[in-house]
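One structure is given below, encoded as structure tokens.
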């Protein structure tokens, strides 16, 4: 337990909280304390039955105890930690705001297109996309193949397509990640933008 506490202590604040919350939901669902059916995003239940918690839990549930959960946890720890600790220079407020903005955009995408019930993988794809854009020249080894980090989101999308024949969540995550990166890193440098920060972190954070 001491070693686990020390390990968690090395993970940046927001990534740590995200990992803990998702792990708690995984354990509760694996023990049948709560049902995943009470966590997924259903706009009819949100709007008519006022089950607003679904707007949050759909981003926190990565599945029951198994390989899929541990893979997502690994990606979350590695890329989310790197993004928060290095790219955001351990500025937890800015990183939290990126997560919040991304979740809000994914909810809009969900309302328009639907087709996905849990958006935890989507937010992971947002994180890996933004990380890959900020570390585009980094070399990665995935299943004995070496690729540039800029190709990471597309490789993960291909793997997802091979494993479960569904890539909607990957594409939604890439779309939102691209929007966030563009308006954060590209648009402010354009003359027309006059250094406008559309996704500027509010002072309340």
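Numbering (this note's numbering), first residue to last: 1 to 205.
Each residue gets a CB set at the ideal place from its N, CA and C atoms; glycine is no exception.
Proximity of residue i and residue j at Cβ, strictly below 9 Å
| i | j | result |
| --- | --- | --- |
| residue 129 | residue 152 | yes |
| residue 43 | residue 111 | yes |
| residue 124 | residue 106 | no |
| residue 116 | residue 21 | no |
| residue 100 | residue 19 | no |
Where the beta strand (DSSP E) containing residue i begins and where it ends
| i | result |
| --- | --- |
| residue 16 | Residue 16 -> not in any beta strand (DSSP E); alpha helix (DSSP H) instead, spanning 13-30. |
| residue 141 | 139-142 |
| residue 113 | From DSSP, residue 113 is part of no beta strand (DSSP E) but of the alpha helix (DSSP H) over 92-113. |
| residue 147 | 145-148 |
Residue i versus residue j: straight-line alpha-carbon distance, rounded
| i | j | result |
| --- | --- | --- |
| residue 134 | residue 29 | 35 Å |
| residue 85 | residue 113 | 33 Å |
| residue 92 | residue 199 | 15 Å |
| residue 136 | residue 147 | 10 Å |
| residue 2 | residue 59 | With a pLDDT of 49 at residue 2, under the threshold of 50, the modelled position of that residue is not reliable, and the figure given next carries that caveat. The alpha-carbon atoms of residue 2 and residue 59 are separated by roughly 29 Å. |
| residue 38 | residue 56 | 12 Å |
Residue i: first and last residue of the uninterrupted alpha helix (DSSP H) it sits in
| i | result |
| --- | --- |
| residue 214 | Given a span of 1 to 205 for the chain in the structure shown, any question on residue 214 remains unanswerable. |
| residue 57 | 54-57 |
| residue 186 | No alpha helix (DSSP H) contains residue 186, which DSSP labels as neither H nor E. |
Cβ neighbours of residue i in the same chain (closer than 6 Å, five flanking residues each side left out)
| i | result |
| --- | --- |
| residue 80 | 15, 127 |
| residue 25 | 60, 61 |
| residue 87 | 134 |
Nonlocal neighbours in the same chain, by C-beta distance under 7 Å from residue i, ignoring five residues either side
| i | result |
| --- | --- |
| residue 96 | 14, 205 |
| residue 52 | 46 |
| residue 201 | 93, 94, 97 |
Proximity test, residue i beta-carbon vs the ligand ATP heavy atom, cut-off 8 Å
| i | result |
| --- | --- |
| residue 69 | The ligand content of the structure shown is nil, which means the ligand ATP is not present either. |
Short CB-CB distance (under 9 Å) between residue i and chain E
| i | result |
| --- | --- |
| residue 88 | Although the question refers to chain E, the structure presented lacks it and comprises just one protein chain. |
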